[in-house]
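Each residue of the sequence shown is one higher than the last, beginning at -18 in this note's numbering.
Virtual Cβ for every residue (Gly too), placed ideally from N, Cα, C.
So the structure is just underneath, and the comments pick up after that.
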Amino acid sequence: MQEIVREPRRSRRHDKPIDVSFEFFPPKTPEMEANLWEAIARLAPLAPKFVSVTYGAGGSTRERTHATVSRILRETGVKPAAHLTCVGATRAEVDEVARAYWDVGVRHIVALRGDPLGGLGSAYVPAPGGYATSTDLVRGLRAIGDFEISVSAYPEKHPESASFDQDIDVLKAKIDAGATRAITQFFFDNEIYFRFLDRVRAAGIKIPIVPGITPVQNFRQTANFARKTGAGVPDWLAERFDGLDDDPQTRRLIAAAVAAEQVFDLLDRGVEQFHFYTMNRADLVYAICHLLGLRARAGEAAQASQSSVMS
Ligand SMILES: Cc1cc2nc3c(=O)[nH]c(=O)nc-3n(C[C@H](O)[C@H](O)[C@H](O)COP(=O)(O)OP(=O)(O)OC[C@H]3O[C@@H](n4cnc5c(N)ncnc54)[C@H](O)[C@@H]3O)c2cc1C
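Encoded structure:
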């Protein structure tokens, strides 16, 4: 009988370092704040390349984003990145936010246009005297300081874009203006990411296009959000969560399995940087990072858990 030789999966003997980054949102209540700092304390020891903090729709979290980012900078050993949008503010106001980041030592901005004030689906109208596009914002940030600037990318096309070509032209313009990394909208079908990557590379774009991974903490919520943002929800994904509405424990196991499958496939196909949309929860993301081979580093653990205790 022929002997079956099982090749170990490439991902398991991957000897190149893997970079991860984690995205959080600024908390609204003291309880949410405690959750966030617990999540940061758990994830910081994995030594992410950076952690980012989102900017609420219409700039609604301006102060809270700033406070969260500044505290990460002060109290953890992790580099923070502040999301910033153009919505509902003049250039001078946006510049002031950016300068305040520069002044406290924040050196990384995730620069975005933001959603229209009327919500997704309505037309985007720049604020009077405001930055009209994310490209303008990137250019403006460059004039303020030598920030590291990340921007968005949309493997399934931004919902307002007429074509993939338009999206890629916009991405190119953002890079020409000074962006050095793109983070993608989340996706569940890796083929979509690789097709997008082929298009991007064929257009001569060389910066990292870091896949945004969203562990499905809650299938219904994720599916609703995906519909709004133009991200596809494959039937097989719905099938996997089918019948589990009242069974959170099994849902979490399935979510971990789905995300692990996705990141292992990306890893096997050469991806070495991952951005996780954490929803301010650590467990699933921590487990997936563990599977990726990341292990907590003691120094960072001590620093981060100390800041969690102080919160
Ligand atoms: C990684 C990531 C992080 C995000 N973080 C936040 C956040 O913190 N806060 C928040 O409110 N939203 C956030 N978003 C959502 C984002 O703000 C929305 O998707 C928004 O609708 C688009 O902003 P953008 O910078 O991603 O897109 P852009 O790249 O600016 O594109 C938006 C649309 O404008 C078009 N466009 C751009 N420039 C031009 C031009 N010169 N001429 C014609 N058309 C143009 C594009 O084709 C596209 O259709 C994030 C998205 C991602 C992927």
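Is any non-hydrogen atom of ligand 1 found closer than 7 Å to the C-beta of glutamine 147, if you look at the structure I gave you? Answer for glutamine 147: yes, Cβ within range of ligand 1.
Lining residues of ligand 1 - beta-carbon closer than 6 Å to any non-hydrogen atom, in sequence order: With 6 Å as the limit, the residues whose C-beta approaches a heavy atom of ligand 1 more closely than that are Thr35, Tyr36, Ala38, His64, Thr66, Val91, Leu93, Arg94, Gly95, Asp96, Thr114, Ser115, Thr116, Ser133, His139, Glu141, Ser142, Gln147, Asp148, Val151, Ile164, Gln166, Gly193, in chain order.
Taking only three categories from DSSP, how would you classify alanine 63? Three-state DSSP puts alanine 63 in a strand.
Extent of the continuous alpha helix (DSSP H) to which threonine 210 belongs: From DSSP, the alpha helix (DSSP H) with threonine 210 extends over 200 to 210.
Assign serine 103 to one of two classes, buried (16 or more other C-beta atoms within 10 Å of its C-beta) or exposed (fewer than that). Under this definition serine 103 is an exposed residue.
8 Å contact criterion, which glycine 64 and valine 87 should meet: CB distance rounded: Just to set this straight, residue 64 is histidine in the shown sequence, not glycine. With 8 Å as the limit, histidine 64 and valine 87 do not qualify as a contact, their Cβ atoms being about 11 Å apart.
Count the other CB atoms, across all protein chains shown, that sit within 10 Å of the CB of tryptophan 18; report buried if there are 16 or more and exposed otherwise. Note on tryptophan 18: 16 or more other CB atoms within 10 angstroms of its CB, so buried under the neighbour-count rule.
Pairwise C-alpha distance: threonine 203 and proline 7: Taking the straight line joining both Cα atoms gives about 19 Å.
By the 10 Å Cβ neighbour count, where 16 or more other Cβ atoms means buried, how is methionine 291 classified, buried or exposed? Caution applies to methionine 291, whose pLDDT of 46 falls short of 50 and renders its modelled position unreliable; the model cannot decide the point.
Rounded distance between the beta-carbons of arginine 72 and glycine 126, thought under 8 Å: Not quite, the Cβ-Cβ distance comes to about 15 Å (not below 8 Å), so this is no contact.
Take the Cβ of valine 106 as the centre, count every other Cβ of all protein chains shown within 10 Å, and call the residue buried at 16 or more, exposed below. Exposed is the label assigned to valine 106, since fewer than 16 other Cβ atoms lie within 10 Å of its Cβ.
Ignoring anything shorter than 3 residues, give me the beta strand (DSSP E) runs that lie fully in the region 7 to 68, in order along the chain. DSSP runs (the beta strand (DSSP E)) wholly in the region 7 to 68: 31 to 34, 61 to 65.
Count the other CB atoms, across all protein chains shown, that sit within 10 Å of the CB of proline 192; report buried if there are 16 or more and exposed otherwise. Looking at its Cβ environment, which holds 16 or more other Cβ atoms inside 10 Å, proline 192 is buried.
Count the other CB atoms, across all protein chains shown, that sit within 10 Å of the CB of lysine 155; report buried if there are 16 or more and exposed otherwise. Counting of Cβ neighbours within 10 angstroms places lysine 155 among the buried residues, the total reaching 16 or more.
Any heavy atom of ligand 2 closer than 7 Å to the beta-carbon of valine 1? Among the ligands present in this structure, namely ligand 1, ligand 2 is not found.
Is arginine 176 helix, strand or coil when you go by DSSP? Collapsing the DSSP output to three states places arginine 176 in a helix.
Assuming tyrosine 82 contacts valine 119 (C-beta within less than 8 Å), just tell me the rounded distance between them. Wrong, their Cβ atoms sit about 15 Å apart, outside the cutoff.
Serine 144 classed as buried or exposed, judged by whether at least 16 other C-beta atoms fall within 10 angstroms: Residue burial annotation: serine 144 is exposed, with fewer than 16 other C-beta atoms found within 10 angstroms of its C-beta.
For proline 215, count neighbouring C-beta atoms within 10 Å of its own C-beta (all shown protein chains included) and say buried if the count is 16 or more, exposed if not. With fewer than 16 other Cβ atoms within 10 Å, it is exposed.
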